[in-house]
Every structure is written in structure tokens, then in C-alpha cells.
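Everything on this sheet refers to the single structure shown next.
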Amino acid sequence: MKKLIRYITLFLTIASISCDDEFLNHPDQDNITSDNFWKTTQDLELYVNQFYPQLPSWSPGAWNGGIYWSDGNIDNIIHENSTRSGTIVGLNTVETGNGRWNYSTIRSLNIFFANYETVDADFDEYKHFVGEAHFFRAWSYFTLLRTYGGVPWIDKPLLPDSEELEAPRASRSEIATNILADLDKAIEFMASGKNKGGNRLNKECARLLKARVALYEGTWEKYHNGTSFGVSGSDGASFIQIAADASKSLIDNPGGFSINNTGNPGVDYETLFNQADYSSNPEVMLWRRFDLALSIAHNGQRYLPRIGGARGVTKELVDDFLAIDGLPIASSPLYMGDQGLVNVTTNRDPRLSEVIWVPGQLQQTGRGAPDEFFDRAPLEIGGEGGCPTGYMIRKGASTNRDYSHTSGVGVTSSPTFRFAEALLIYAEAKAELGSISQQDVDESINVLRSRAGMPNLNIGSITADPNWAFPSLSPILNEVRRERHVELAVEGYRFDDIMRWSAAEDLVVGKRYKGVYFVQSEFPELTPGTNVLLDTNGYVDPNQNSLPGGFQFDPMRDYLLAVPLDEITLNPALTQNPGWE
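Per the UniProt record's numbering, the sequence shown runs over residues 1 to 581.
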């Protein structure tokens, strides 16, 4: 009975913790001692359970669009209040407190590492949970690395007089190396394949995160080389090679995972993002289960199938999708032009009409009510009901009214890790190394294009695109980046990509992202210049008045956040990030 009470007490403590998609705050774990815990394998499992909510997913009870709103801080999505997006607008300040400089999760994980060996069981019985702890420490440090660069590396519980409390910042390459070492342990210890139907981590997720971290750091060091954000003496090639090797290892040893491809280009891609159960989907490596019976649900389906949520996909993202003949829209004779959503999406990569709503698509069905079909985005509506660009987000939307008709009933999930990312990382790493072959492309990008019903990419006959986002780079790098952009559209990857590519100068600074070409007959109640703003070419320009000079991202400062001043006060050994001194 005492053992049961101990488990219930700890479970209720953890369950009461408030969390969001990025961080989990929790109580002082020092109160868990070897006298009352760290006895059984179940103790370890229960302890690491608390770290799962920090992974991207819908947040229970939250009123938001889940991962599908995450790109609202960069060039994929315009928010009605884009002027509040601190980094790209250039509004960040040197704060005396900053919740993102957060070691509480790392501290709790270090307590785990200091105590797990007291469990009375063979290591093989609980090594998976040790692997999970290594994974989550890697995840936490990767969050700090992306936000601040190098930080102090702490790998043990600290006391009030520990000298590590005054440790200087380790270099970002040292932090990345330590993260990869943690992930190697996670790969070694964790079980392979679908674990708990895909609701628990596995070694393939660790391989994927290893490839992601290595690609991030490698391309950061390559493209920030010679700047104050770079790493002296490093061009990132060693990390990029690790990314290539780790992603290829996953491709060759997939643990039962593969691209979800049944031969139906529309359905195969769409159903990756709007299902309640992914236990049988081969592509989704980890996902979060919601359950009405347990009152664990979200409100996301009140937005995506019904209203704009004050967000809209940008023209910049829409224009990056190829025509169905595999050519860029500037070159393809099949492109119908952009005067109206039907023209925009006709003869285009089928993924485009899965990312944005198109007239005639089923929006709502079920519960004995008449079916509803999409007609137009609510460009005329302000506030959370509206869509400021006219391109309304569809990705992640379920048409089932059971998930959206009343408050808090959403039980759809979304992929936390999916196998497609490994293919994209492999292609990019090989292209960055200058060693990509047609076979590499066939094993990666062309697998995704085949699933989408698109022609293969032939690296020997790439059609130049006058609108390439990166004209100074090679054709193959441009096409690899394009494929990443469209395959992972509005899933929350874009901000990190632009930061690691040092691409804000080209894609952010001075920009105002645009919406649809305004067709007056589709919105007869709107008057240009009065209740809809257009640029000189007739495209919706939502931020024309609020951001007349475009986004004021500062390339000499804004690639990293400032180290909080109170942290520097507590630890004078810490140095400030460039541009914030």
C-alpha cells in the first residue's frame, strides 16, 4: 500500500504541473530520496514520464493550432499581430529575466543520472529509461543551443556551493558534441521500433534527433563562418558528415519505419496530420495520444477546419511549390496564374492543396448535420476568426465534427517525429558536403516526390528558377531546400532553418510577407485601401501600415537571444551574446 501511495503521490504531483510545447516546470526533485524512490524499474519509468510534455504536440486544453501555428514567427505564416513577433521584427530586448534560460529540466535529469543505479534490477530491465533520460537531456540542451549558442554544460546535480554555478559558457561546438554523446547513449540503450504503439521514444527517434542536431550545428557553423556567431576554425563539415551518417544509418536500419505511401498522393500526405491514432502508420515514429475518456483533449480542431485563427499562409511559401510537371511556376506552361485559389492550386504539387484550403474541399462532416465545403478564406473578418492572407491553413485539420463542434473535444494527434525528416536531412547533408549523387537523391527526395505524385528530381537537368530563394547557392542546394520547405510546411521547422542558414538577411530583413492576389469579385464587400491592404501589384499586404519598413531583424544581434542580465549578475563568468553587449 505504501508503494502504491508513493506512486500515486508522485503521479499527481507531476500531473498537476503546467506545461506548454517547449518547457515543463516541475517541483524540487531533491525531495525524492533513495529512501522513498529509486527502487524499481517502475520508479524510473514514472520519473522520465514527466519530460514528454516538452516535445512538440497539441497542448491539452490549449486554444491554439498546435505545431501548425509554429511557423507564425517566420516567412511561412502571417499572424494578424505580426508586429508582436519579437525576433523577426527586431523587438527583443536585454531582459533581466528570461524563461528560456532554464536549467530546471536539466537539473531533474541530472538527479536521475545520480540515482538510477540504485534500482534493484538488472540494467537490461531498465536501460531503456536511462536512454530516454539521455534523450531528454540532449533535447533540453539543444533548445538552449538554438536559443543562446554556447551555455554552461552541467551534467550532475549541483549544491549551493558547487563551483559549476560560476562556470563559463562552453563553446557551441562543445555543447553540440555533448548533445550528440547523450544521443549516442540513447541510441545504445533504447528499444527499437514502435514503442507503446508509438507513444514512447525509441532508438530511431534518437537517431533522427542526432541527425537533426548535427545538421543544425554543421550548417550553423558553415553559414555563420567568419561572423561573430561562428566557431573559430570550423566550417561545420565534421558535424554535417555526422548528420549524413546518422540519417543514412536510420534509412538503412529503419526499425520498421518507412514513408507512408499507399499510392494515393492526396490521402497519404493529408492523413499524416489529422488522425487520432498513428499506431499503424509506418512514418510516424512518435506521437501523443489524446483520450476523451481521460479528459485529455485539445481545442485545435475548433480552428483549422473552421476559421483562420488570425493566421494565414504566405505567398512566399505558396510560390515555392512546383507545378505538377516538376518545373518552377516561373517556367512551367501548366501554371494557371495566381488570380484565385483554384488557379493557384491547379496543376501544382498536390501537397499545396493539403497545406491550404481550396474551394470545394470538404471542411466539416458528421453528427447528422449537412456537409460543409470550403468556399473562401475569411479575409474580410478580423480577429481570431479571420485569415489575414487569404491562404487559410488546412494542414492538420480534421473534417470530423466530433473533434471540433464543442469545446475541448479534439483528440487528433500530430507527428512528433516522422521518418520523412531523415530523408530530407540526408539529402541536405550530402548536398552541403558536395558529394550528393543521383542515387542519394533517389533514396531521399525522390521517395517523397513519388509519394506526392510529383516527377523525380534529376540532378543532371535541374531547371533554373529565377525566383530561387538562394541564388548564390548551387541548383541542387536550392532544390533540396525547396523540398524541405514544402514537405515540412507549417510544421515548425522554418525558423530554425533560416537561423542556421544565416538567411535572415535574404528572407527576413525589410520584408513584408504577402497574401493572395486580390480578386474583387471574390470579396465584393471589401474595399482596397479601406478594409483590405494591397501592394502595388495587387497582392494582399496585411502589414503595410504596421510594418511599413518591413521586419527589422538585426543580423548583427538577433540570431541569438540575449543572455539574461540576472544570470550574468549571478555568474559573472558568463559572457553576453553578440550585439547585446
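Note that the Cβ used here is the ideal one computed from N, Cα and C, for glycine as well. Only a predicted model underlies this, so the values are computations on that prediction, with no experimental measurement involved.
> Anyone know if the C-beta pair for P254 and I307 falls short of 8 Å?
Replying inline: no
> Does the Cβ of D268 have 16 or more other Cβ atoms within 10 Å, making it buried, or fewer, making it exposed?
Replying inline: buried
>> With DSSP as the reference, identify every bridge partner of A214, one or two as the case may be.
In response: Beta-bridge pairing links A214 to no other residue.
> Which parts of the stretch 324-386 are runs of the alpha helix (DSSP H), unbroken and 4 residues or longer, counting only runs that do not cross its ends?
Replying inline: 341-345 and 352-355
> Looking at the structure shown, is H224 part of a helix, part of a strand, or coil, going by DSSP?
Replying inline: coil
>> Just list the residues that DSSP pairs I77 with in beta bridges.
In response: V313
> Start and end of the alpha helix (DSSP H) containing R394?
Replying inline: Element bounds for R394: n/a, residue is neither H nor E.
> Which residues does DSSP pair with H298 in a beta bridge?
Replying inline: G410
> For S444, which of G434, E421 and S461 has the nearest alpha-carbon?
Replying inline: E421
> Can you give, in chain order, each stretch of the alpha helix (DSSP H) that sits fully within the stretch 450-488 and has at least 4 residues?
Replying inline: 475-487
>> One question on the structure: do P56 and I67 come within less than 8 Å of each other, judged by their Cβ atoms?
In response: yes
> How big is the Cα-Cα spacing for R481 and L215?
Replying inline: 13 Å
> Hey, out of D349, Y303 and L334, whose CA is closest to F321's CA?
Replying inline: D349
>> Can you confirm whether the stretch 410-429 touches the stretch 487-496 when touching is taken to mean that 3 or more C-beta pairs between the two stretches lie within less than 8 Å?
In response: yes
>> Counting C-beta neighbours from all protein chains within 10 Å, is the total for T416 16 or more, i.e. buried, or is it exposed?
In response: buried
> Can you tell me the Cα-Cα spacing of H298 and S472, whole angstroms?
Replying inline: 44 Å
> From the DSSP output, which residues share a beta bridge with L144?
Replying inline: Answer is none; L144 lacks a bridge partner.
> Taking Cβ positions, are G538 and Y513 nearer each other than 8 Å?
Replying inline: no
> Cα separation between D28 and N73?
Replying inline: At D28 the pLDDT is 47, less than 50, meaning the model places this residue with poor confidence and gives no usable figure here.
>> Quick check on the burial criterion: 16 or more other C-beta atoms within 10 angstroms. Buried or exposed for A464?
In response: exposed
>> Below 8 Å on the Cβ atoms is my contact criterion, and I expect Y148 with I106 to pass it. Report the Cβ-Cβ distance as a whole number of Å.
In response: So it is not a contact: roughly 13 Å between Cβ atoms.
> Is N102 helix, strand or coil by DSSP?
Replying inline: coil
> How is M556 classed by DSSP in three states: helix, strand or coil?
Replying inline: coil
> For W287, which beta-bridge partners are listed by DSSP?
Replying inline: P415
>> Let me check understanding here. Comparing Cα to Cα, which of T412, G309 and A573 lies closest to H79?
In response: G309
> What distance in whole Å lies between the Cβ atoms of P388 and P542, which are believed to be in contact at a cut-off of 8 Å?
Replying inline: 4 Å
>> Tell me the DSSP secondary structure of V267 in three-state form.
In response: helix
> What are the start and end residues of the alpha helix (DSSP H) that includes M499?
Replying inline: R494 to R500
>> Please report the distance separating the alpha-carbon of E316 from that of F123.
In response: 52 Å
> Contact between the stretch 499-511 and the stretch 525-533: three or more CB pairs below 8 Å?
Replying inline: no
> So K248 packs on D235, CB below 8 Å; how close in whole Å?
Replying inline: That pair is no contact at about 21 Å.
>> So, at 6 Å on beta carbons, what are the nonlocal neighbours of A276 in its own chain, with the 5 sequence-adjacent residues on each side left out?
In response: V411 and T412
> Buried or exposed: where does E354 fall if 16 or more other Cβ atoms within 10 Å of its Cβ makes it buried?
Replying inline: buried
>> Which same chain residues end up closer than 7 Å to D155 when comparing Cβ atoms and leaving out the 5 residues on each side of it in sequence?
In response: N110
> On the three-state DSSP scale, how would you describe P53?
Replying inline: helix
> Roughly how far, in whole angstroms, is the beta-carbon of G198 from the beta-carbon of Y278, given that I think they are within contact range, below 8 Å?
Replying inline: 6 Å
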